[in-house]
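Asker:
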Amino acid sequence: MKALCWYGSGDVRVETVPDPKILNPHDAIVRITLTAICGSDLHIYNGFIPGMQKGDILGHEFMGEVVETGPEVKRVKKGDRVVVPFTICCGECFYCRSDLWSLCDNTNPNAIALRKLYGASGAGLFGYSHLYGGYAGGQAQFARVPFADVGPIVIENGMPDEQVLFLSDILPTGYMAAENCNIQPGDVVAVWGCWPVGQFAIRSAFLLGAERVIAIDHVPERIEMARRSGATVFDYADADLMDKIHEETGGRGPDSCIDAVGMEAHGASIDNIYDHAKQALFLETDRPGVLRRAIMACRKGGTVSIPGVYGGIIDKFPIGSAFAKGLTLKMGQTNTPRYLRPLLTRIQNGEIDPSFVISHRLPLDQAASAYQTFNQKQDHCTKVVLTPWN
Amino acid sequence: MNVKNYMSHATSASVNMNLADRWGSVLGGVLLANSSLRKRSGGKLRLLLGAELIRRGVTGHCYGYQALGVRTRGVDQGSSVSVPYELGVRGRAAVTIHKPRATIYQFWRDFENLPRVMEHLLSVDAKADPVSHWVAEGPGGMGVEWDAEIHNDIENELIAWRSLPGSQVDSAGSVHFKDAPGKRGTEVIVELQYNPPAGLIGASLAKLFGRDAQTEIESDLFRLKEFLESGEVARTEGQPKGSASARRKPVSRSLDTQQGSEALQEGAA
Chain A
1 MKALCWYGSG DVRVETVPDP KILNPHDAIV RITLTAICGS DLHIYNGFIP GMQKGDILGH
61 EFMGEVVETG PEVKRVKKGD RVVVPFTICC GECFYCRSDL WSLCDNTNPN AIALRKLYGA
121 SGAGLFGYSH LYGGYAGGQA QFARVPFADV GPIVIENGMP DEQVLFLSDI LPTGYMAAEN
181 CNIQPGDVVA VWGCWPVGQF AIRSAFLLGA ERVIAIDHVP ERIEMARRSG ATVFDYADAD
241 LMDKIHEETG GRGPDSCIDA VGMEAHGASI DNIYDHAKQA LFLETDRPGV LRRAIMACRK
301 GGTVSIPGVY GGIIDKFPIG SAFAKGLTLK MGQTNTPRYL RPLLTRIQNG EIDPSFVISH
361 RLPLDQAASA YQTFNQKQDH CTKVVLTPWN
Chain B
391 MNVKNYMSHA TSASVNMNLA DRWGSVLGGV LLANSSLRKR SGGKLRLLLG AELIRRGVTG
451 HCYGYQALGV RTRGVDQGSS VSVPYELGVR GRAAVTIHKP RATIYQFWRD FENLPRVMEH
511 LLSVDAKADP VSHWVAEGPG GMGVEWDAEI HNDIENELIA WRSLPGSQVD SAGSVHFKDA
571 PGKRGTEVIV ELQYNPPAGL IGASLAKLFG RDAQTEIESD LFRLKEFLES GEVARTEGQP
631 KGSASARRKP VSRSLDTQQG SEALQEGAA
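See below:
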């Protein structure tokens, strides 16, 4: 089959590799009909995710048709059309049973390595480094899906792929980011980063009852998209950004702040230049400029919700501000399976059509150049979906 | 206390030489040291060697024996000790399994189940219960075998075993099962002690190749948990992966991928 393989920073290639096989009794093989490049894939593309090996197949947002099932697969059947969540979950451990699916105990074969780094390991993830299990990803023609009865959601009706594909990651991720804010009537929510996760966080905040949403980005097409979703938009390059947020919220600060950017914050502020320098010298792994601002901006007693990915160590974390204001910090990989059914219902009801974020529809063959385009924010690129079979 | 008395009565755990061995060592050391004073060439080396021979004789502790995992002094730490304290490599690990105590106890009590979750265990034959025969993959890929007997067994609480005399590997181990608080399942605590085939040198070699006892016990316990909770052990070996050599030029970094994949197929042919 054809698959997109990673070879190093800025080096991904579409290659012919062997087809995946059933390896465990709860596995299924899915023939992929639509797959996507995620903003978090760019952290890998840019070499910021440790534990990658040459030849690893990327991709964790995919859907398709079940073509083969292992002997213990009971619910999902050959021929079913499924969206596959990016978190691999066993469904039986304490965490899965507690609805904390992304913390699954049993799906990362390299749990010991991650435990040495983080103290404990969460769920294995598709195409997201060997620290998260080294599972081959879904930017390919086929994928092996472990625990096929647990995660994947069967799409029964004739909804187009593009409307349901993002159930795999970014829609639930944006939704959980907003849900973590515990939005109350009258709340103002500020969202940093208007990549697709930020876009879905904005929509979800409104769905969950936010009075107003402030969106912060710099890239014109993303700003425009956020505005169409009903957000008040600010430019992060604006030197008065913090003052403007303050003013917009009557001096209170947003009730919740969402950092939908993560470890590769951009901008020409003094602290971001400092973070760039420390990152280049390997003294700091992540650039937390957005997180610092989110904490500083948030109102007393508010929540800072972090769907953006962080991987290592950060500097100058304003713990004093967070403490003084009694903030709640909520973060983590998305507990994807928990959101599939409710969000599918919202899509079916027409409350949200996630396909609005798509800017590029390309064959898998062009995935390598698509990474480059997406990474360099060229060609008004907001989201790339790939078709593996043409 | 004179040297003779000291040597006869010292019974510290570090003593790994018998009396004849120790007196021989002291005598040899004295002769060697004495000779170093008369002959010029290699005098210092002889003096040092002599001093070391005297030291090991007097203290009864030979570092060389320790590294090789051998001893000339008998084991006198009671009949329940199959791995003398000083010789063993030890590991201890705990895991919480989201299953009832009885389920985990029963799985473990049938030692024949263990190779399903313990990576380097090839087989266990437990037909002669409480005696069982174990075959494992040792350091450097060589197979090692031993017989073990269960010497303590409290249903749903504890299983303890030790290898029988004459085994290739001297080992002892125990597993405890405790209810975790709330509805968190069962806490499983494992302690293992073994004397690897090549002694401590073998143990450090094994460590060099990424196989130290502690990590092995921890990952085996993870696999046990995975198997009992989810019905399988998570794995990725055998899945597809790109195989382009580092020298091969990227084939599809440009938009012209048709040409690229043709080049790849040619490369593969």
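Residue numbers (the working numbering), protein chains in the order written: chain A, 1 to 390; chain B, 391 to 659.
Using N, Cα and C, we set each Cβ at its ideal position, and we do this for glycine too.
These numbers come from a predicted model, not from an experiment.
1) Of the choices A:D353, A:F48, A:M1, whose alpha-carbon is the least far from that of A:G309?
2) Cutting at 6 Å between CB atoms, please list the residues of its own chain near A:P288, excluding the five before and the five after it.
3) Name the one or two DSSP bridge partners that B:Q583 has.
4) When you compare only the Cα positions, how much space is there between A:G55 and A:T249?
5) Just to confirm before moving on: does the CB-CB distance between A:V197 and A:D149 stay below 9 Å?
6) Determine the chain B residues that contact A:C90 at a beta-carbon separation under 9 Å, and present them in chain order.
7) Helix, strand or coil for A:F142 per DSSP?
8) Do B:L548 and B:D537 have their C-beta atoms closer together than 9 Å?
9) For the structure I just gave you, are there three or more beta carbon pairs, one from the stretch 484–493 of chain B and one from the stretch 612–627 of chain B, closer than 8 Å?
10) In its own chain, which residues sit with a C-beta less than 8 Å from the C-beta of B:E509, not counting the 5 before and 5 after it?
11) Helix, strand or coil: how does DSSP classify A:S229 here?
12) For B:K568, tell me which candidate among B:A484, B:V525, B:S522 has the shortest Cα-Cα distance.
13) Helix or strand or just coil, what does DSSP make of A:M176?
14) If you run the structure through DSSP and keep just helix, strand and coil, what is A:S305?
15) Any Cβ of chain B within less than 9 Å of the Cβ of A:C5?
16) Under a Cβ-count criterion, where at least 16 other Cβ atoms within 10 Å of its own Cβ denotes burial, should A:S121 be classed as buried or exposed?
17) Measuring straight from C-alpha to C-alpha, what distance separates A:W192 and A:P254?
18) Below 8 Å between beta carbons is the criterion; list the residues of the stretch 541–575 of chain B that meet it against any residue of chain A, in chain order.
19) Starting from the beta carbon of B:H523, find every residue of chain A whose beta carbon is closer than 9 Å, and list them in chain order.
20) If we count the other Cβ atoms within 10 Å of its Cβ and call it buried at 16 or more, is A:V188 buried or exposed?
21) For A:K340, I'd like the list of residues in its chain whose CB is within less than 6 Å of its CB, leaving aside the five on either flank, ordered along the chain.
22) Looking at C-alpha atoms only, which residue of A:K78, A:Q53, A:A297 is the closest neighbour of A:G326?
23) Label B:R574 either buried or exposed according to how many other C-beta atoms from any shown protein chain fall within 10 Å of its C-beta, with 16 as the threshold for buried.
24) Which first and last residues belong to the alpha helix (DSSP H) in which B:V448 is found?
25) Around the Cβ of A:Q139, are there at least 16 other Cβ atoms within 10 angstroms (buried) or fewer (exposed)?
26) Give the DSSP-derived three-state secondary structure of A:I22 in the structure shown.
27) Whose C-beta lies closer than 6 Å to the C-beta of B:H566 among residues of the same chain, with five residues either side of it excluded?
28) CB-CB under 7 Å to A:F142, same chain, minus the five flanking residues each way: which ones, in chain order?
29) Which residue's Cα is closest to the Cα of A:C93: A:F86, A:T87, A:C104?
30) Against chain A, does B:E627 count as a neighbour if the rule is that its beta carbon must be under 9 Å from one of theirs?
31) Using a Cβ-Cβ distance cut-off of 9 Å, determine whether B:A636 contacts chain A.
32) Between which two residues does the beta strand (DSSP E) carrying B:S522 extend?
33) Which two residues bound the contiguous beta strand (DSSP E) that contains A:W6?
34) Give the DSSP-derived three-state secondary structure of A:H43 in the structure shown.
35) Name the chain B residues whose beta carbon is nearer than 9 Å to that of A:K74?
36) Can you determine whether any heavy atom of the ligand MN sits closer than 8 Å to the C-beta of A:Y7, and answer yes or no?
Answerer: Put simply:
1) Inspection of the sequence shows that residue 309 of chain A is occupied by Val rather than by Gly. Of the candidates A:D353, A:F48, A:M1, the one whose C-alpha sits nearest the C-alpha of A:V309 is A:F48.
2) Taken in chain order, the residues that qualify are I314.
3) Looking at the DSSP assignment, B:Q583 forms a beta bridge with B:R480, B:A562.
4) Each residue's Cα considered, the two are about 49 Å apart.
5) Their beta carbons are not under 9 Å apart, which means A:V197 does not touch A:D149 by this criterion.
6) Residues of chain B passing the Cβ test: E616, E619, S620, G621, E622, A624.
7) Correct three-state label for A:F142: strand.
8) Going by C-beta atoms, B:L548 is not nearer than 9 Å to B:D537.
9) Output reads yes: the stretch 612–627 of chain B touches the stretch 484–493 of chain B.
10) By the criterion of a C-beta distance shorter than 8 Å, B:E509 is surrounded in its chain by E606, S609, D610, R613, once the five residues flanking it on both sides are discounted.
11) Note: A:S229 maps to coil in three-state DSSP.
12) Here the closest residue by C-alpha is B:A484.
13) DSSP, reduced to helix, strand and coil, places A:M176 within a helical segment of the structure shown.
14) When DSSP states are grouped into helix, strand and coil, A:S305 belongs to the strand group.
15) Yes - at least one Cβ of chain B is within 9 Å of the one on A:C5.
16) Burial of A:S121 is indicated by the presence of at least 16 other C-beta atoms within 10 angstroms of its C-beta.
17) Between A:W192 and A:P254, the C-alpha separation is close to 12 Å.
18) In summary, the residues of the stretch 541–575 of chain B whose CB is separated from some CB of chain A by less than 8 Å are R574, G575, in the order they occur in the chain.
19) Within chain A, no residue comes near B:H523; the closest Cβ sits about 29 Å away, beyond 9 Å.
20) Around the beta carbon of A:V188, a 10 Å sphere encloses 16 or more other beta carbons of the protein chains shown; the residue is thus reported as buried.
21) One point to set straight first is that residue 340 of chain A is Leu, not Lys, in the sequence displayed. I153, L167.
22) Selected option, being the one with the closest Cα: A:A297.
23) Counting of Cβ neighbours within 10 angstroms places B:R574 among the exposed residues, the total staying below 16.
24) If you look at B:V448, you'll find it in the alpha helix (DSSP H) that goes 433–449.
25) Counting Cβ neighbours within 10 Å, A:Q139 comes out buried, since at least 16 surround it.
26) Per DSSP, reduced to three states, the secondary structure at A:I22 is coil, with no helix or strand assignment.
27) Taking B:H566 as the centre and dropping the five residues before and after it, the same chain places the C-beta of L548, I579 closer than 6 Å to its C-beta, in chain order.
28) Excluding sequence neighbours, A:F142 sits near M1, D19, P20, I29, V30, R31, I32.
29) Checking every option, the nearest Cα to that of A:C93 belongs to A:C104.
30) Yes, B:E627 counts as interfacial toward chain A.
31) Residue confidence for B:A636 is low, a pLDDT of 43 falling below 50, so the modelled location carries little weight; the figure read from the coordinates is stated next. At least one chain A Cβ lies under 9 Å of B:A636.
32) Boundaries of the beta strand (DSSP E) harbouring B:S522: 521–527, taken from the DSSP string.
33) Taken as a continuous stretch (DSSP letters only), the beta strand (DSSP E) holding A:W6 covers 2–8.
34) Helix, per DSSP.
35) Correct list: empty, because the minimum Cβ distance to chain B is about 12 Å.
36) Because no ligand of any kind appears in the structure shown, any question about the ligand MN cannot be addressed here.
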